[in-house]
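Q: Numbering (the UniProt record's numbering), first residue to last: 1 to 272.
For each residue, glycine too, the CB sits at the ideal point set by N, CA and C.
Remember, predicted model here, so these are calculated numbers, not experimental data.
Please find one structure pasted underneath; my questions will follow.
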């Protein structure tokens with residue numbers, strides 16, 4: 001609907017639609033009430049009619065928009081994700097360990113995507129559409145990325161976020177780490193490569209790790225495992241505040257002051 005409004009120069013009258021005009025007007029008035037569209041008056045054939053235009057929220061689902069959430073909206077409205085909601089009551093009253101999704105489909109989410117590649121592809125596109133916002137992050141928080149040597153995007157899907165980072169900071173060697181079926185046949189570039197694996201088992205050694213929309217998918221025990229694999233993968237042995245203090249005092253300095261600067265960097269003032 002939003003894409004149709006864009007094609008018709010931001011406002012559209014539904015009088016020419018052949019069927020269900022009354023129902024469409026009712027639906028549009030509801031969406032106007034919730035701020036998803038705007039409503040105006042237009043004159044057509046000497047008669048005044050209702051017309052509808054895009055609001056800021058509806059622009060976010062335009063497929064040609066860089067920051068488009070159209071695939072994400074399509075994903076969360078898919079029956080395979082909606083149907084598990086009907087099992088919430090049974091899940092709350094029951095004692096079994098199956099999730100509502102497993103009760104609805106007989107398997108977990110990732111296995112279901114493996115067996116239904118079209119839905120798995122939709123999921124990847126939804127995650128990629130959200131990752132487009134990384135272009136705003138690298139613009140507004142540039143100091144966070146300056147000085148980084150290597151970065152692994154754990155659970156990075158098809159690599160949208162990592163690609164944006166690699167293009168904005170060519171000096172960073174970026175790796176997208178996800179399941180083999182997700183990264184299979186994706187082309188590497190000069191400072192971006194794809195590696196298949198299981199983040200619960202091991203993560204490629206790296207200076208810095210990026211995770212987006214990952215930990216919320218897992219229970220506490222598995223989150224701890226993922227974070228442990230992250231800690232094992234980070235190769236840096238930088239000193240913490242206590243270790244720096246021990247060095248300064250043993251070297252004969254009387255005191256010091258540490259001031260946070262940009263990202264992981266700090267300014268340390270040491271006094272005799």
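The alpha helix (DSSP H) with residue 248 in it runs from where to where?
A: Here residue 248 refers to the residue found at position 248 of the chain shown. First-last of the alpha helix (DSSP H) with residue 248: 241–250.
Q: Report, in whole angstroms, the separation of the C-beta atoms of residue 154 and residue 230, which I expect to be a contact under 8 Å.
A: As a first step, residue 154 is located in the chain shown; it is residue number 154 there, counting from the start. As a first step, residue 230 is located in the chain shown; it is residue number 230 there, counting from the start. With a Cβ gap of about 7 Å, residue 154 and residue 230 count as contacting.
Q: Considering only heavy atoms of the ligand SAH, does any lie closer than 7 Å to the CB of residue 250?
A: For the ligand SAH, the structure offers nothing, since it holds no ligand at all.
Q: Label residue 259 either buried or exposed according to how many other C-beta atoms from any shown protein chain fall within 10 Å of its C-beta, with 16 as the threshold for buried.
A: For the purposes of this step, residue 259 is taken as residue 259 along the chain shown, with counting starting at 1. Exposed, since its Cβ has fewer than 16 Cβ neighbours within 10 Å.
Q: Output the boundary residues of the beta strand (DSSP E) element that contains residue 175.
A: Here residue 175 is taken as the residue at index 175 of the chain shown, counted from 1. Note, residue 175: beta strand (DSSP E), 173–178.
Q: Please give me, in chain order, every unbroken run of the beta strand (DSSP E) with length at least 3 that falls completely inside the segment 73–159.
A: 150–154
Q: Buried or exposed: where does residue 22 fall if 16 or more other Cβ atoms within 10 Å of its Cβ makes it buried?
A: If you number the chain shown from 1, residue 22 lands on position 22. Its Cβ having fewer than 16 others within 10 Å, residue 22 is exposed.
Q: Let me know if residue 253 comes out buried or exposed under the rule of 16 or more other beta-carbons within 10 Å of its beta-carbon.
A: Stepping through the chain shown from its first residue, residue 253 is reached at position 253. Residue 253 should be labelled exposed.
Q: Ignore the nearest five residues each way along the sequence and tell me which others in residue 105's own chain have a CB closer than 6 Å to its CB.
A: In the chain shown, counting from the first residue as 1, residue 105 sits at position 105. Hits under 6 Å: 112.
Q: Examine the Cβ distances between the segment 154–163 and the segment 124–142 and report whether three or more of them are shorter than 8 Å.
A: yes
Q: Inspect the beta-carbon positions of residue 68 and residue 62 and report whether they are closer than 8 Å.
A: Here residue 68 refers to the residue found at position 68 of the chain shown. Here residue 62 refers to the residue found at position 62 of the chain shown. Yes, the pair counts as a contact, with Cβ atoms nearer than the cut-off.
Q: Which ranges does the alpha helix (DSSP H) cover as unbroken runs of at least 4 residues, wholly within the segment 204–237, from first to last along the chain?
A: Whole alpha helix (DSSP H) segments, 4+ residues: 220–233.
Q: Judging by CA-CA distance, which residue of 183, 197, 178, 191 is the nearest neighbour of residue 167?
A: Here residue 167 is taken as the residue at index 167 of the chain shown, counted from 1. Answer by Cα proximity: 191.
Q: Below 6 Å CB to CB, which residues in the same chain sit around residue 257 once its five sequence neighbours on both sides are set aside?
A: Residue mapping note: residue 257 aligns to position 257 of the chain shown, counting from 1. Contacts found: 269.
Q: Roughly how many angstroms separate the alpha carbons of residue 26 and residue 19, rounded to a whole number?
A: The residue labelled residue 26 in the question sits at position 26 within the chain shown. The residue labelled residue 19 in the question sits at position 19 within the chain shown. Going by the C-alpha atoms only, they are around 14 Å apart.
Q: Buried or exposed: residue 9, going by 16 or more other Cβ atoms within 10 Å of its Cβ?
A: Numbered from 1 along the chain shown, position 9 holds the residue referred to as residue 9. In this prediction, residue 9 has a pLDDT of 42, which is less than 50 and means its spatial position is unreliable; what the coordinates show is noted afterwards. Under this definition residue 9 is an exposed residue.
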